[in-house]
Every structure is written in structure tokens, then in C-alpha cells.
Amino acid sequence: MSASPVSWQLTRHAIEVGMAQLPAHDSVPRWALDDDHETPFWSVTRTEDELSIVCAYEALPGTVTAVGPFAAFSIDGPLDHSLIGVLAGLTAPLAEAGISILAQSTFDTDWILVPVAQAGYAIEVWDNAGHTVEMEED
1 MSASPVSWQL TRHAIEVGMA QLPAHDSVPR WALDDDHETP FWSVTRTEDE LSIVCAYEAL
61 PGTVTAVGPF AAFSIDGPLD HSLIGVLAGL TAPLAEAGIS ILAQSTFDTD WILVPVAQAG
121 YAIEVWDNAG HTVEMEED
């Protein structure tokens with residue numbers, strides 16, 4: 001097992017995302033998979049209790065239970081799966097600053113979703129903790 005680096009490089013993506021909750025046995029709706037929004041990140045997770053969808057905030061219909069908008073930050077990767085404390089190292093300073101997050105993992109990296117209203121503050125907190133945030137290039 002490897003200790004996680006002291007500092008991380010993150011990318012803030014231009015698109016805002018949201019999270020919707022649907023009944024567990026619903027089919028994945030078309031709006032969740034719509035590529036028209038050009039989101040770099042979307043996720044569908046089903047448990048026995050719910051179907052959760054993270055997608056472009058603007059794609060969320062007003063008829064579903066949803067939260068957001070969130071600014072999407074990805075840790076520059078790919079990350080070695082043996083690293084320890086990656087999310088802890090990045091989210092602990094945010095927790096100390098009173099910033100709520102949602103975290104999602106992919107095979108290559110982790111994503112941290114921060115309420116849009118707190119995104120600038122999150123970047124400041126990460127900077128003070130020794131992390132670097134770059135804006136996504138168009």
C-alpha cells in the first residue's frame with residue numbers, strides 16, 4: 001500500500017452537475033444519458049433502495065427529486081489503486097471549512113462535487129492546504 005501524496009492537482013470542469021433520486025426499479029431515463037449537454041462526467045448508481053443519477057444540472061427535469069448545482073472537480077489521474085487517503089486528504093480541509101461535498105469514484109480517478117456557491121471558497125481552501133486547481137480548458 002502507498003501513502004497518498006501531500007498535494008494534489010485537480011481540474012474544475014466548466015459544466016455544473018446535479019444529482020437526482022428515482023425509485024430503485026425505474027429504468028434509466030433518456031435525459032440522464034443525453035449527450036447534448038457535453039458533460040465530462042455522469043454516473044448512474046442503483047441500490048436496492050434507489051436509483052441515483054449524476055448528470056448535467058440543466059438536464060434534470062423539475063419533476064424529480066434532485067440536488068445541485070454542483071461544481072465538478074476531478075483529481076488529475078489516473079490514480080494508483082493502492083494509494084491511501086486520497087479523498088481524506090482532499091475532503092478533510094473542506095470539512096474543516098464547513099463545505100459539504102459529494103464524492104464519486106471512477107476506475108481512473110475520484111470526483112469531488114461542491115455546491116456551486118462554495119466552489120470559489122473550496123479552491124481557496126485547497127490552495128491553502130497545498131493543492132492546485134486548474135480550470136478545464138475548452
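Note that UniProt numbering has the sequence shown beginning at 1, numbered continuously upward.
Just so you know, even glycine gets a beta-carbon here, dropped at the ideal spot from N, CA and C.
Next item on the list: Round the Cβ separation of residue 109 and residue 75 to the nearest angstrom and send it over; I've been treating them as touching at under 8 Å.
Entry: Stepping through the sequence shown from its first residue, residue 109 is reached at position 109. Stepping through the sequence shown from its first residue, residue 75 is reached at position 75. About 5 Å; that satisfies the 8 Å criterion.
Check: Rounded C-beta distance between residue 116 and residue 69? I'm assuming under 8 Å.
Finding: By 1-based counting over the sequence shown, the position of residue 116 is 116. By 1-based counting over the sequence shown, the position of residue 69 is 69. 5 Å between Cβ atoms; contact.
Item checked: According to DSSP, residues forming a beta bridge with residue 30 -> Stepping through the sequence shown from its first residue, residue 30 is reached at position 30. Looking at the DSSP output, residue 30 sits in no beta bridge, so it has no partner there.
Next item on the list: Look up residue 39 in the DSSP assignment and say whether it is helix, strand or coil.
Entry: Taking the first residue of the sequence shown as position 1, residue 39 is located at position 39. In the three-state reduction of the DSSP assignment, residue 39 falls in the coil class, being assigned neither a helical nor a strand state.
Margin query: Suppose you measure from the CA of residue 40 to the CA of residue 137; what does that come to, to the nearest Å?
Written below: Within the sequence shown, the letter at position 40 stands for residue 40. Within the sequence shown, the letter at position 137 stands for residue 137. Straight-line Cα distance between these residues: approximately 12 Å.
Note to self: What does the alpha-carbon distance come out to for the pair residue 104 and residue 87?
What the structure shows: As a first step, residue 104 must be located in the sequence shown, where it is residue number 104. As a first step, residue 87 must be located in the sequence shown, where it is residue number 87. Spanning the two alpha carbons is a distance of roughly 10 Å.
Margin query: Here's a check: name, in chain order, each residue in its chain whose Cβ is nearer than 8 Å to the Cβ of residue 12, leaving out the five neighbours to either side.
Written below: For the purposes of this step, residue 12 is taken as the residue at position 12 of the sequence shown. Excluding sequence neighbours, residue 12 sits near 71, 72, 73, 119, 123, 133, 134, 135, 136.
Note to self: Is it the case that the segment 13-24 contacts the segment 55-65, given that we only count it when at least three CB pairs across the two stretches are under 8 Å?
What the structure shows: Touching, yes.
Check: Exposed or buried, what is residue 28 when buried is set at 16 or more other beta-carbons lying within 10 Å of its beta-carbon?
Finding: As a working note, residue 28 is residue 28 in the sequence shown. The residue is exposed, with fewer than 16 neighbouring Cβ atoms inside 10 Å.
Note to self: Once DSSP output is grouped into helix, strand and coil, what is the label at residue 98?
What the structure shows: The count along the sequence shown starts at 1 and reaches residue 98 at position 98. Under the three-state reduction of DSSP output, residue 98 falls in the coil class, being neither helix nor strand.
Check: Are any of the Cβ atoms in chain B nearer than 7 Å to that of residue 114?
Finding: Within the model displayed, chain B is absent; a lone protein chain is all it includes.
Notebook entry, point to check: In whole angstroms, what is the alpha-carbon distance linking residue 130 and residue 83?
Noted result: Here the question's residue 130 lines up with position 130 in the sequence shown. Here the question's residue 83 lines up with position 83 in the sequence shown. One C-alpha to the other measures close to 18 Å.
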